[in-house]
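Structure record follows, encoded as structure tokens.
Residue numbers (the working numbering), protein chains in the order written: chain U, 1 to 310; chain C, 1001 to 1275.
Following this line, the structure appears as structure tokens:
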């Protein structure tokens, strides 16, 4: 190192200073290095590789360049079209859910006077998340089974005519999937709304009470507008969640009956695991990635404009 | 007196909350209830709890699930430790000091948040195969350990809020960057570290898709994966046994929740807001 510095003695002064600066900051680069290497190997490299793979046909003999073939197949595949429809249905439905149910419960808990009671209500709606998501899905699978919980309940209240195999009927299977986790409160979503409510200054709320605002008016005119950032965040998280997750249809129905509840992610999974069609799977992954990217960019855009206005 | 009145006025409110709470807990209730039924009890009364509570379901389920506790401990323990160490180092460097390339590195790290792991499922799978790691614990540990962006974001926000003075006086005392991390950053970050840690444990405990792709060896399977394999597997278990396995899959998280209730909630909230 020292010899290098003497060697560059004739070089411009700034260059020498930069070298010294870099050496001074070396520990900082070392601190960042492991993370950067891990991200390169397990995120950046696969992301780029996936994009490239989507233009190839891959099998045991190797890779063959096929241009846009995978994408052409993808867009002309009626079943895949159906699976994108299913995906947008689930995502859209859950956006509706996430902007209402957990918000209502959070606002209700916020209205309980005693802070101790508030704490315990919060615990009540958080506790179910200690059950792993797949276990909850399996319970709901039982609920929808022909001899399962939902039909038992329907028989019990005299609506036996409505009983059916909820997951075996292509007309209702998507609604069954959407209604999993009813009433959609348990978990993080309502905690986020609740945290947002706690940030609202008590002066504003007190002033509203003094002015004689009803509880509902207080919700509509104060809390709802101030919770818009939380709402926007949850919509984003929900959309991205459904673009990337498919364990619900995977465990409930395997995409069936037929392709009635198939989603693109599950097709991608089967491309690896059943069809050995890695190029096609990569093409689906690339499309999902683009959708996530667009959603994220729209979100950033919306957040910006809001900041400009306020 | 007025307190009593106030309580009375809140009864409708509490009732509405109860109406939400009952269906929220219904799946948990069903799980516990059925997990105690033998075949005949289930046949007669599939929903409501029956006596005697049949613990042999748990014995059968545990025979399948027992190895998964160890697997999850190794996998999650390793990857969470790696994340906490390297994410905190990275965020400490990025948040506290300005050095050439800092901004580029920051965006390089955070851009990963826009790459959900499942959209790179195929190439990540090919990578694991090419590294010869298929059906080893590393196949799960390494991608988990690399998923640091969320932890970095939370650590970064935390380190940025610390006051400048302590670091300046440390610098005057001649402390190097690593020493400042060990003696200042790390102790101060301990509470947020446990929040992040608990959140990561929860996330990884719940993950199903990735392990199901790379861990076909039954001895290496994780809790969530083994639960589904057992529940839907070839020797379809009795309903009670399947539900008992579900309960077994939750117990460690229940304990984690009980010993760290506040940290757990703080971690979830931070995780969701930042991630």
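Just so it is clear, CB atoms sit at the ideal spot from N, CA and C, and this is done for glycine as well. These numbers come from a predicted model, not from an experiment.
- Boundaries for residue 166 of chain U: no beta strand (DSSP E) harbours it, and the DSSP string shows neither H nor E there.
- Nearest Cα to residue 1190 of chain C within the set C/1158, C/1046, C/1138, C/1224: C/1158.
- Of all alpha-carbon atoms in U/258, U/90, U/284, the one lying nearest the alpha-carbon of residue 170 of chain U is that of U/258.
- Look at the region 253-299 of chain U and you find these whole runs of alpha helix (DSSP H), each 4 residues long or longer: 264-273.
- For the 7 angstroms CB-CB criterion, residue 1204 of chain C and residue 1156 of chain C do not form a contact.
- Taking C-alpha positions only, residue 153 of chain U is separated from residue 1261 of chain C by approximately 34 angstroms.
- By the CB criterion at 7 angstroms, residue 209 of chain U and residue 1228 of chain C fall outside the cutoff.
- Contiguous beta strand (DSSP E) elements confined to the region 211-256 of chain U do not occur, taking only those with 3 or more residues.
- Inclusion of residue 1086 of chain C and residue 34 of chain U in the CB contact set at 7 angstroms is warranted, their separation being smaller than that value.
- Considering only beta carbons, the part of the region 1155-1185 of chain C lying closer than 8 angstroms to chain U consists of 1176, 1177, 1178, 1181, in chain order.
- At a C-beta separation below 7 angstroms, residue 113 of chain U has these neighbours in chain C: 1006, 1010.
- Scanning C/1079, C/1138, C/1121 for the CA closest to the CA of residue 1201 of chain C turns up C/1079.
- The alpha carbon of residue 1238 of chain C has as its nearest neighbour, out of C/1025, C/1171, C/1270, C/1060, the alpha carbon of C/1060.
- Per the DSSP secondary-structure output, residue 62 of chain U pairs in a beta bridge with U/59.
- Classified as exposed, residue 113 of chain U has fewer than 16 neighbouring CB atoms from the shown chains inside 10 Å of its CB.
- Scanning the region 57-131 of chain U from its first residue to its last, the whole beta strand (DSSP E) runs of 3-plus residues come out as 62-65.
- A contact between stretches requires three or more CB pairs, one per stretch, nearer than 8 angstroms, and the region 181-196 of chain U fails this requirement with the region 72-87 of chain U.
- The C-beta of residue 93 of chain U comes no closer than 7 angstroms to any C-beta of chain C.
- Between the alpha carbons of residue 98 of chain U and residue 1123 of chain C lies a gap of roughly 32 angstroms.
- Listed in chain order, the non-local C-beta contacts of residue 251 of chain U below 8 angstroms within the same chain comprise 134, 137, 138, 141, local neighbours out to five positions each way being set aside.
- When only Cα atoms are considered, residue 59 of chain U and residue 277 of chain U end up about 7 angstroms apart.
- Listed in chain order, the non-local C-beta contacts of residue 223 of chain U below 7 angstroms within the same chain comprise 107, 197, 200, local neighbours out to five positions each way being set aside.
- Contact between residue 263 of chain U and residue 1119 of chain C fails: their C-beta atoms lie close to 13 angstroms from each other, not under 8 angstroms.
- The region 1193-1253 of chain C contains, as complete alpha helix (DSSP H) runs of 4+ residues, the segments 1209-1214, 1223-1232 (chain order).
- Along the region 157-179 of chain U, there is no position whose C-beta sits under 9 angstroms from a C-beta of chain C.
- Here the C-alpha atom of residue 1057 of chain C lies approximately 51 angstroms from the C-alpha atom of residue 1107 of chain C.
- Taking C-alpha positions only, residue 67 of chain U is separated from residue 53 of chain U by approximately 10 angstroms.
- The residue from C/1024, C/1135, C/1253, C/1092 with its alpha-carbon nearest to that of residue 1183 of chain C is C/1092.
- When DSSP states are grouped into helix, strand and coil, residue 1115 of chain C belongs to the coil group.
- By the C-beta criterion, the region 85-101 of chain U is judged to be in contact with the region 239-249 of chain U, since at least 3 inter-stretch pairs fall below 8 angstroms.
- Nearest C-alpha to residue 19 of chain U among C/1161, C/1004, C/1100: C/1100.
- Counting only runs of 4 or more residues that sit fully inside the region 1039-1120 of chain C, the alpha helix (DSSP H) segments are 1039-1044, 1056-1096, 1102-1110, in chain order.
- Annotation: Cβ neighbours of residue 1206 of chain C in chain U (cutoff 8 angstroms, chain order): 132, 133, 134.
- The beta-carbon of residue 1199 of chain C is placed no less than 7 angstroms from the nearest beta-carbon of chain U.
- In the three-state reduction of the DSSP assignment, residue 186 of chain U falls in the coil class.
- When only Cα atoms are considered, residue 172 of chain U and residue 1256 of chain C end up about 38 angstroms apart.
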